[in-house]
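Beneath this line is the structure, given in structure tokens, with notes to follow.
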Amino acid sequence: MFTGIVESLGTVTAIKTQSVGIQLSISHDDFFKKTKTGASIAINGVCLTVISVKGKQAVFEVGPETLKKSNLGFLRVGMNVNLEKPVSASSDFSGHFVQGHVDTTAEVLKMEKSGPWVDVWFSLPDLIKPFLVDKGSVCIEGVSLTIVQVKKDRFSVALIPHTLTMTTLALKKPGDMVNIETDMIAKYAMRAYELFFKGKK
Numbered sequence: 019m020f021t022g023i024v025e026s027l028g029t030v031t032a033i034k035t036q037s038v039g040i041q042l043s044i045s046h047d048d049f050f051k052k053t054k055t056g057a058s059i060a061i062n063g064v065c066l067t068v069i070s071v072k073g074k075q076a077v078f079e080v081g082p083e084t085l086k087k088s089n090l091g092f093l094r095v096g097m098n099v100n101l102e103k104p105v106s107a108s109s110d111f112s113g114h115f116v117q118g119h120v121d122t123t124a125e126v127l128k129m130e131k132s133g134p135w136v137d138v139w140f141s142l143p144d145l146i147k148p149f150l151v152d153k154g155s156v157c158i159e160g161v162s163l164t165i166v167q168v169k170k171d172r173f174s175v176a177l178i179p180h181t182l183t184m185t186t187l188a189l190k191k192p193g194d195m196v197n198i199e200t201d202m203i204a205k206y207a208m209r210a211y212e213l214f215f216k217g218k219k
């Protein structure tokens, strides 16, 4: 379980194609110091398992389903990624409940400066339409954000200066694809609603 509060920016140091999926190496000066093999880390909002740690570098394996659902297959050596460790019993809980299970990707449509802030519009895939509402929560690239507005085919968020400084979202441009995880509670509520009314028919 994560919160969508990015802790650090890592750097992709190696990508190896495997018979199934890819092996991804991420480095950071001190983020992985106490990380053990088998630990979960959110990389751009995707929960991945650490298969090895050596010095400043951690190695992860990314399977076909994750490559299909997320944008991790578009990463290249030298690119930055958002990093977050899982919540512990002693952690501050900011943001919102994030599982690290990306639902789909969305396209960046427009980025507009509004003083020190940046308003960003994204495409709205049919898959996630039921789970997005004005002022609701959404996780984009591992970042917990509040939705400003939802329209028929798009939705928007506002990025504050801190988010622009501490995450990769400032590097995005129109046409880029970003990882989207919708609110976990909304998904369970929708599933319960569907089962209840199907049972009534």
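Going letter by letter, the sequence shown gives residues 19 to 219 in our numbering.
Heads up, the beta-carbon is just placed ideally off N, CA and C, and yes, glycines get one too.
Predicted model, so just to flag it, every value in this text is computed and none were measured.
Worksheet item: In the DSSP assignment, what are the bridge partners of F78?
Response: Position 60 of the sequence shown, counted from the first residue, corresponds to residue 78. Answer is L42, V68, bridged to F78.
Worksheet item: Is any heavy atom of the ligand ATP found at a distance shorter than 8 Å from the C-beta of L127?
Response: For the ligand ATP, the structure offers nothing, since it holds no ligand at all.
Fill in: Sequence-distant residues of its chain with Cβ nearer than 7 Å to V13 (five each side left out)
Because the chain in this structure spans residues 19 to 219, residue 13 falls outside the shown range and cannot be described.
Worksheet item: Three-state secondary structure (DSSP) at F173?
Response: Position 155 of the sequence shown holds residue 173. In this structure, F173 counts as strand in the three-state DSSP scheme.
Discussion item. Quick test of the definition: if touching needs 3 or more C-beta pairs under 8 Å, does the segment 199–209 touch the segment 147–160?
Written reply: yes
Worksheet item: Is it buried or exposed for D47, if we count other Cβ within 10 angstroms and need 16 for buried?
Response: Here residue 47 refers to the residue found at position 29 of the sequence shown. The residue is exposed, with fewer than 16 neighbouring Cβ atoms inside 10 Å.
Worksheet item: Do G118 and I40 have their C-beta atoms within less than 9 Å of each other?
Response: The residue labelled residue 118 in the question sits at position 100 within the sequence shown. The residue labelled residue 40 in the question sits at position 22 within the sequence shown. Their beta carbons are not under 9 Å apart, which means G118 does not touch I40 by this criterion.
Worksheet entry | E83 classed as buried or exposed, judged by whether at least 16 other C-beta atoms fall within 10 angstroms | Your numbering for residue 83 matches position 65 in the sequence shown. So E83 counts as exposed.
Discussion item. For a test of the three-state rule: what should DSSP assign to A207, helix, strand or coil?
Written reply: Within the sequence shown, residue 207 is the residue found at index 189, counting from 1. DSSP places A207 in helix when its eight states are reduced to three.
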